[in-house]
Structure formats: structure tokens, C-alpha cells
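This note's numbering applies: residue 170 is where the sequence shown begins, and numbers increase by one.
For glycine and all other residues, C-beta sits at the position ideal for the given N, C-alpha and C.
Everything numeric in this text was worked out from a predicted model, so none of it was measured.
So the structure is just underneath, and the comments pick up after that.
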Amino acid sequence: MPILLNDLDLRKAERMLVELALARGGSIVKAAEHLGITRHALKRRIIKFQIQWPPAHPATASASQSRELGTSTAEQMRNPESR
Numbered sequence: 170m171p172i173l174l175n176d177l178d179l180r181k182a183e184r185m186l187v188e189l190a191l192a193r194g195g196s197i198v199k200a201a202e203h204l205g206i207t208r209h210a211l212k213r214r215i216i217k218f219q220i221q222w223p224p225a226h227p228a229t230a231s232a233s234q235s236r237e238l239g240t241s242t243a244e245q246m247r248n249p250e251s252r
């Protein structure tokens, strides 16, 4: 995704680079190597930009959605029609 000069926001650009490096690297160590920074510096940026790492897995996301809806996984297993 190209960044246009009139849309340039250094904070957004830095966040995008961190997210891209994490996605491509798959780990904090590899992402930090791609960015040319230490893993500690990358961790500070993850906190600064409030990036969720590691990303939520689909099973975790569906469990949290169930909790938001007020039904637990155990309840869903006992009563599959409640879905």
C-alpha cells in the first residue's frame, strides 16, 4: 500500500511498517531483524501502537464472541440449537 506525501503521517507509517514486519516475520525476533531494530525496541513499539501480538487465533476470537453474547462454549456444546 503506497503512502502518498499529502497523506503522510509518520505515526501511521511506523505502525504500518511494524505490523507488516510482524506479519512477514512471524515472530518478534524476525520482525525486529527485518526492521533493523532490537527486539526490545520492537516490543516498545508494539506497546506504543497497541498492536495485539501474537494475533488472536480464530478459536480464541469465537470464544470471546460467545462470552460477549452471553453463551459459553460448554453451553453451546450442551445445547447446539442455541447458536
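- In the DSSP assignment, H203 falls within the alpha helix (DSSP H) that extends over 197 to 204.
- Between A190 and A182, the beta carbon gap of about 13 Å keeps them out of contact (Cβ cut-off 8 Å).
- I215 sits in a helix when the DSSP states are folded into three classes.
- Of all alpha-carbon atoms in T207, K217, M185, A192, the one lying nearest the alpha-carbon of A225 is that of A192.
- With contacts defined as CB atoms closer than 9 Å, R214 and I220 qualify as a contacting pair.
- L189: member of the alpha helix (DSSP H) spanning 179 to 194, first to last residue.
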